[in-house]
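Residue numbers (the numbering used here), protein chains in the order written: chain A, 27 to 210; chain B, 27 to 210. Here a beta-carbon is modelled for each residue, glycine too, at the ideal position from N, C-alpha and C. If you're wondering where the values come from, they're calculated on a predicted model, not measured in any experiment. Some notes on the structure that comes next.
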DNA sequence: TGCTAGTGTTGGCGACACCAACGTTGGTGG
DNA sequence: CCACCAACGTTGGTGTCGCCAACACTAGCA
């Protein structure tokens, strides 16, 4: 468990004499307590990732969740909105609006399930598949820009560690308040 | 790239005999495209981190940014609100409201800088230092819970990789739209 | 037949990052 | 001296995001 306690603080001098904000010296401008907190690093990194994602996807007139939903439909096949939300980690409420967008764009089709009239069957259209291929390129470029300062081994290691942490908390807390996959 | 078609209700990875959503089988329920995207992993992980932070800090009647601001004041000494925001990555607008909260709680004091009447000098109070020590414990427990599935070496490696990525994008885009440190 | 549970939809809430404007103040160059 | 620009703090607003509450509808079961 964590043994490190409160680091040395109380530098009440207030004289910040550093002048060069070079890449290495940049981290020094952050409070040491925060620099060592993985949660803080993850949050701040996620902000940058979110900004990069937003820029790249809006540049092609799309959104982040478009890619997530289309990818899920392509890999797992047609799903209900609830399953879609469980797989991608979205709330059912939000999935409804997201699917509306995708339907209006012609990337998916919404049809009532004849076997279970509660459900909507969401299916990806050929146009949606073409769009997904386009977004695959966007995502690949995004990945490369996001992980730019890391080499191949480090990128794989970061993904591995993040996956471990994410799986752990997903198992504990659930993805979208419903840990059970369908298996209906 | 992938044209993997899958039937609707099928758990295609049926080879594993696991019946429950164990840690390893859980990731298989996410779209493969998303599983490999570092940005997606970071964002989802940040959501869990954010939830853990919120739970832990509200449990003691505090907030996440309380810790960040108090830590900055303790380590760098009294600062203006603008410097405070730059160090912790907050917008000046939000810092104003945050400082209001801390002032009302008695953890910091706000005084006009006699040398520069534009600035407010924010200083941590003894009560604020005591509160910071309390929050240090909360943060340490948080770190341990967040990184639970990782051993010491992996934790250090994850922090190192995240720091590299974060520094890179901070240098490129700036932390809070103002890459220049004081250098007044 | 009732009851429970899952589904889709609407609406709202709170946190967060970010931006725009305004009045105030410091510093600088004409 | 005065005009101009830059920085500061404050208010208010915007958009995203995750999440919850309620409702009507339907399926499955005792």
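Who are the neighbours of residue 79 of chain B on chain A, taking C-beta pairs under 7 Å? The answer, in chain order, is 65.
Taking only beta-carbon atoms, is residue 194 of chain A less than 8 Å away from chain B? yes
If contacts are defined as beta-carbon pairs under 8 Å, then residue 150 of chain A and residue 99 of chain A qualify, I think. What distance do you get, rounded to the angstrom? The beta-carbon separation of residue 150 of chain A and residue 99 of chain A, rounded to 4 Å, stays under the 8 Å limit for a contact.
Inter-stretch contact (C-beta, 8 Å, three-pair minimum) for the region 82 to 95 of chain A and the region 145 to 159 of chain B: no
Run through chain B and tell me which residues come within less than 8 Å of residue 183 of chain A, C-beta to C-beta. Simply 183 and 187.
According to a CB-to-CB cut-off of less than 9 Å, which residues of the region 116 to 128 of chain B neighbour chain A? Cβ contacts with chain A: none found.
Partners in chain B for residue 146 of chain A, counting only beta-carbon separations shorter than 9 Å: Going along chain B, no residue has its Cβ under 9 Å from residue 146 of chain A, so there is no contact; the nearest lies around 13 Å.
Taking the straight line between their C-alpha atoms, what separation do you get for residue 67 of chain A and residue 180 of chain A? Taking the straight line joining both Cα atoms gives about 17 Å.
Chain B contact for residue 68 of chain A (CB, 8 Å cutoff): yes
Please name the residue or residues paired with residue 55 of chain A in a DSSP beta bridge. Answer is none; residue 55 of chain A lacks a bridge partner.
Note down, one range per segment and in chain order, each alpha helix (DSSP H) of at least 4 residues found wholly within the region 104 to 139 of chain A. 107 to 114 and 118 to 131
Interface positions of the region 90 to 101 of chain A facing chain B (Cβ-Cβ less than 8 Å), listed along the chain: 93, 94, 97, 98, 100 and 101
For residue 59 of chain B, decide whether its Cβ has a neighbour in chain A, counting only Cβ atoms nearer than 8 Å. yes
Anything in chain B within Cβ reach of residue 130 of chain A, meaning under 8 Å, just list it in chain order. What residue 130 of chain A touches in chain B: nothing, since even the nearest Cβ is about 22 Å away.
Is the region 159 to 166 of chain A touching the region 171 to 179 of chain B, taking contact as three or more C-beta pairs under 8 Å? no
If you check the beta carbons only, do residue 82 of chain B and residue 158 of chain B fall under 8 Å apart? no
Measuring straight from C-alpha to C-alpha, what distance separates residue 95 of chain B and residue 77 of chain A? 24 Å
For residue 174 of chain B, which residues in chain A fall below 7 Å Cβ to Cβ? 194
Neighbour list for residue 72 of chain A in chain B, Cβ cutoff strictly below 7 Å: Result: 68, 69 and 72.
Straight-line CA distance for residue 49 of chain B to residue 57 of chain B? Caution is warranted here: a pLDDT of 41 is assigned to residue 49 of chain B, below 50, making its placement in the model unreliable, and the coordinate value is therefore given only provisionally. Rounded to whole angstroms, residue 49 of chain B to residue 57 of chain B spans 16 Å at the Cα level.
Assumed close pair residue 183 of chain A, residue 187 of chain B - CB separation to whole angstroms, cut-off 8 Å: 7 Å
In the DSSP output, what is residue 72 of chain A paired with across the bridge? Answer is none; residue 72 of chain A lacks a bridge partner.
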